[in-house]
Amino acid sequence: MKKIPRVSAIALALTLLLSLCGCGAADGKTHLTFQIWDVAQRASMQAICDAYTAQNPDVMIEVQVTSWTEYWTKLEAAAESNTMPDIFWMHTNQILYYAEFGMLADVTDLYEDVEPGFYENHYSDISIANAQGSDGRMYGVPKDKDNVVLVYNREMFDQAGVSYPDENWTWDDLVSASQAIYDKTGKYGYMAYNEDQLGYWSFVYQAGGYILNEDKTQAGFTQPATKKAMKFYIGLQDNDWCPDQAYFAETQPGTAFFSEIGAMYLEGNWELMNKSINFPNMEGKWDIAPLPKCPDPESGDGRATISNGLCYSTAAHGKTREAALDVIKFFGTEEAQRIASSYGAAVSAYIGTEEPYFEAFENAGYDLNIRVVEDQFEYGIQSINNSARPKWKSPVLDELTRIYAGQVDIDTGLANIQNIVDTETAKKLADE
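Going by our numbering, the first residue of the sequence shown is number 9, and it counts up by one from there.
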């Protein structure tokens with residue numbers, strides 16, 4: 009088996025220290041660690057742990073939160089030394105990588121004693137695919153599902169005399185509203201950030217294009233519909249009402265928006281409760297809407313939003329493997345997923361447990377059109393990934409940066425991106 013590259017000795021030492029929590033303790037209980045990267049979801053994750061330990065008092069679970077970057081640095085070091093946390097979140101960006109190296113427990117048959125076809129009966133195709141490896145086996149229990157929404161500033165729209173965005177909005181409306189807001193207020197309109205999931209990906213699929221073909225063996229950056237969307241999205245930066253990428257290198261779109269510098273940006277629904285809590289001064293000033301649709305798509309009805317989702321995983325090997333498997337088995341149940349949804353931090357993946365997520369906003373009195381998230385699942389597109397993505401993700405971003413900076417024309421740049429993705433994908437397939 010190929011070896012995962014080494015990381016710093018310090019990170020490894022820290023991980024080894026943390027891993028001791030998973031060992032047996034003097035109190036006779038099984039102590040498990042559960043690592044996540046989002047402090048905004050600590051409460052919901054603690055709640056499902058408490059629900060499990062209430063039924064299994066011989067088990068104790070410690071929820072540990074780190075930053076996104078630190079999380080993956082530690083996890084890679086732990087994987088190499090076979091000291092992974094007992095339970096951890098797995099992201100679609102990484103699941104193929106870890107599954108390929110045999111680091112994740114196969115949970116395909118985890119519920120066979122409960123209900124044959126459990127995953128298919130209770131999770132969407134996207135949620136299942138998000139938890140699968142390249143071999144089609146399940147390497148995690150689906151945790152949540154999400155989509156991308158348009159966030160907008162009501163006050164700026166009012167000041168510009170522009171109607172709020174709705175399900176009928178198109179790219180043309182996005183442009184005209186941005187110009188009107190800029191002309192009337194001097195504020196930025198839509199902030200077109202050079203990003204994939206929270207940027208150009210949805211626009212590509214709205215136009216009828218694709219980033220990867222159906223079997224994920226080739227890119228689609230030179231396809232007419234994809235080129236159309238990319239030219240539209242990248243071209244937004246040419247307007248006075250859109251910051252350039254040098255601006256975004258210093259200021260994220262969300263930061264600019266909640267500083268009332270810009271009127272619109274794309275956000276994942278997993279951030280909406282966090283933003284509501286952390287920016288009380290913006291209460292009533294902002295709302296969400298469906299993504300504007302392509303007015304003249306090459307195929308489809310012009311609607312699309314990227315839909316992603318995490319899963320709960322445990323290591324393929326380890327002293328606490330069986331105990332951890334029992335925990336994540338519970339995490340995938342209707343009971344646990346309904347609890348997790350109720351905190352409004354993420355929409356649980358289990359079909360039928362979504363409602364508490366929306367009720368959390370309504371019960372808290374947050375004046376957001378939160379049902380937009382629910383409606384958009386109808387036309388969600390699975391987050392883009394193949395086993396070569398760790399190799400092509402950064403080079404693609406670098407080439408897009410060159411296009412934005414005018415160092416290469418867009419047609420040449422997109423051809424270069426096509427070559428980057430196809431070359432790395434072909435190499436990966438040849439190694440398998």
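Ideal Cβ positions, reconstructed from N, Cα and C, are used throughout, including at glycine.
Check                                                                                                                                                       : Outcome
Does Gly-228 come out as helix, strand or coil in the three-state DSSP assignment?                                                                          : coil
Only counting runs of 3 or more residues, tell me where the beta strand (DSSP E) segments fall wholly within the stretch 199-245, in order along the chain. : none
How far does the beta strand (DSSP E) with Met-146 in it extend, from its first residue to its last?                                                        : Note, Met-146: premise wrong, no beta strand (DSSP E); not H, not E.
Tell me where the beta strand (DSSP E) around Phe-109 begins and ends.                                                                                      : Premise fails: Phe-109 is in no beta strand (DSSP E) and is neither H nor E.
Where do the ends of the beta strand (DSSP E) carrying Met-68 lie?                                                                                          : 67-73
Using only the alpha-carbon positions, how far apart do Asp-94 and Leu-333 sit?                                                                             : 9 Å
On a CA-only basis, which of Val-429, Phe-165, Asp-181 is nearest Pro-403? Give me that one, please.                                                        : Val-429
First and last residue of the beta strand (DSSP E) that includes Tyr-160?                                                                                   : 156-161
Using beta-carbon positions only, say whether Leu-40 and Thr-431 come within less than 9 Å of one another.                                                  : no
Report the three-state DSSP secondary structure of Trp-249 (helix, strand or coil).                                                                         : coil
Look at Gln-384 and Val-73 and say whether their C-beta atoms are less than 9 Å apart.                                                                      : no
Determine the extent of the beta strand (DSSP E) in which Asp-174 is found, giving its start and end residues.                                              : No beta strand (DSSP E) holds Asp-174; DSSP gives it neither H nor E.
Starting from the Cα of Lys-153, find the closest Cα among Asn-371, Ser-315, Val-335 and give me that residue.                                              : Ser-315
Alpha helix (DSSP H) containing Trp-278: first to last residue?                                                                                             : Premise fails: Trp-278 is in no alpha helix (DSSP H) and is neither H nor E.
Going straight from the alpha carbon of Ala-59 to that of Ala-344, what length do you get?                                                                  : 7 Å
Going by the DSSP bridge assignment, what does Tyr-273 pair with across the sheet?                                                                          : Val-159
Can you grab the Cα-Cα spacing for the pair Ile-189 / Asn-155, in whole Å?                                                                                  : 26 Å
Between the Cα of Asn-393 and those of Glu-128, Tyr-320, Thr-225, spot the shortest distance and give me the residue it belongs to.                         : Thr-225
Could you check the C-alpha separation between Trp-97 and Arg-145 for me, to the nearest Å?                                                                 : 17 Å
With H, G and I counted as helix, E and B as strand and the rest as coil, what does DSSP make of Gln-426?                                                   : helix
Is DSSP giving Val-380 helix, strand or coil here?                                                                                                          : helix
On the criterion of 16 or more Cβ atoms from any shown chain inside 10 Å, does His-325 qualify as buried, or is it exposed?                                 : exposed
Taking Leu-40 as part of the beta strand (DSSP E), name the residues at either end of that continuous run.                                                  : 38-44
Between the stretch 214-234 and the stretch 305-314, do three or more beta carbon pairs fall short of 8 Å?                                                  : yes
Taking just the CA atoms, how far does Glu-275 sit from Gly-262?                                                                                            : 8 Å
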